[in-house]
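Just so we're aligned, residue 540 is where the sequence shown starts under our numbering, counting upward by one.
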Amino acid sequence: MTTDMFAHLTEEELHDALIDLNSAETARHLALCAMCRSKLEVFQADMEAFNTASLAWSEARSITTPMIELPRRKQHGLFPGAAWTLATLMLVTGIVTLRYDHLSLRRAHVGNTAAQDNDSQIAQDNDLLQAVDSAINADDVSPMREYNVPTGHQPHAGNDRSTY
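Structure below.
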């Protein structure tokens with residue numbers, strides 16, 4: 540709001556006053572300016588009339604609108620035995636699936652111990668792959684070699700990889 544006493548409130552300031560967000564300056568201006576106060580009162584009266592009319596319309600509509608009852612569905616279907624057949628089929632399928640999963644878990648447990656035995660084989664394979672990779676890429680300058688960054692790999696006896 541401007542400090543000029545003769546300047547009236549803007550639309551935004553009137554809206555703020557309507558929802559009780561007005562500042563002390565706006566309240567003081569409304570107390571002194573009859574024109575702004577009358578604009579605010581007219582707008583409040585219009586809002587109250589709108590609220591009253593919309594409430595009356597809603598109440599009248601709910602009274603005059605008949606409640607339509609939807610037809611009820613039959614409790615049983617065309618094939619009552621089909622539901623029992625489907626339920627039985629689902630039960631049998633569930634039992635077979637659970638039994639199969641249980642057997643798979645037992646096999647996985649046995650396979651897990653075999654995987655632990657193969658850790659040394661995996662380490663040997665990794666060493667072989669690194670040796671092949673270094674032989675193939677001997678001409679390429681590796682960023683690891685260029686900056687002498689260790690790869691974290693411990694060299695084996697007789698296999699010097701300190702250049703990584």
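No residue lacks a Cβ here, since even glycine has one placed at the ideal position from N, Cα and C.
Separation of residue j from residue i, as counted between CA atoms
{"i": "W623", "j": "S643", "result": "30 Å"}
{"i": "N561", "j": "E550", "result": "12 Å"}
{"i": "L557", "j": "S601", "result": "31 Å"}
{"i": "D658", "j": "E685", "result": "32 Å"}
{"i": "L548", "j": "C575", "result": "7 Å"}
{"i": "T541", "j": "A566", "result": "Because the pLDDT of T541 is 47, which lies under 50, any placement of that residue in the model is unreliable, and the question is left without a value."}
{"i": "H554", "j": "L579", "result": "8 Å"}
{"i": "M629", "j": "V635", "result": "10 Å"}
{"i": "T520", "j": "A670", "result": "In the structure as shown, the chain begins at 540 and stops at 703. Residue 520 is therefore absent and cannot be evaluated."}
{"i": "H568", "j": "T603", "result": "48 Å"}
{"i": "A546", "j": "L571", "result": "12 Å"}
{"i": "E608", "j": "D640", "result": "49 Å"}
{"i": "M586", "j": "P610", "result": "43 Å"}
{"i": "T591", "j": "A573", "result": "27 Å"}
Which of helix, strand or coil DSSP assigns to residue i
{"i": "C572", "result": "coil"}
{"i": "L557", "result": "helix"}
{"i": "N687", "result": "coil"}
{"i": "E550", "result": "helix"}
{"i": "I634", "result": "helix"}
{"i": "I607", "result": "coil"}
{"i": "G618", "result": "In the sequence as presented, Gly is not what sits at residue 618; that position holds Phe. If DSSP states are grouped into helix, strand and coil, F618 belongs with coil."}
{"i": "S593", "result": "helix"}
{"i": "S643", "result": "helix"}
{"i": "S562", "result": "coil"}
Short CB-CB distance (under 8 Å) between residue i and chain D
{"i": "M683", "result": "As a matter of chain content, chain D is missing from the structure shown, which is built from one protein chain."}
Where the alpha helix (DSSP H) containing residue i begins and where it ends
{"i": "N673", "result": "According to the sequence as given, residue 673 is Ser; it is not Asn. Looking at the DSSP string, the run of the alpha helix (DSSP H) that includes S673 is D658 to I675."}
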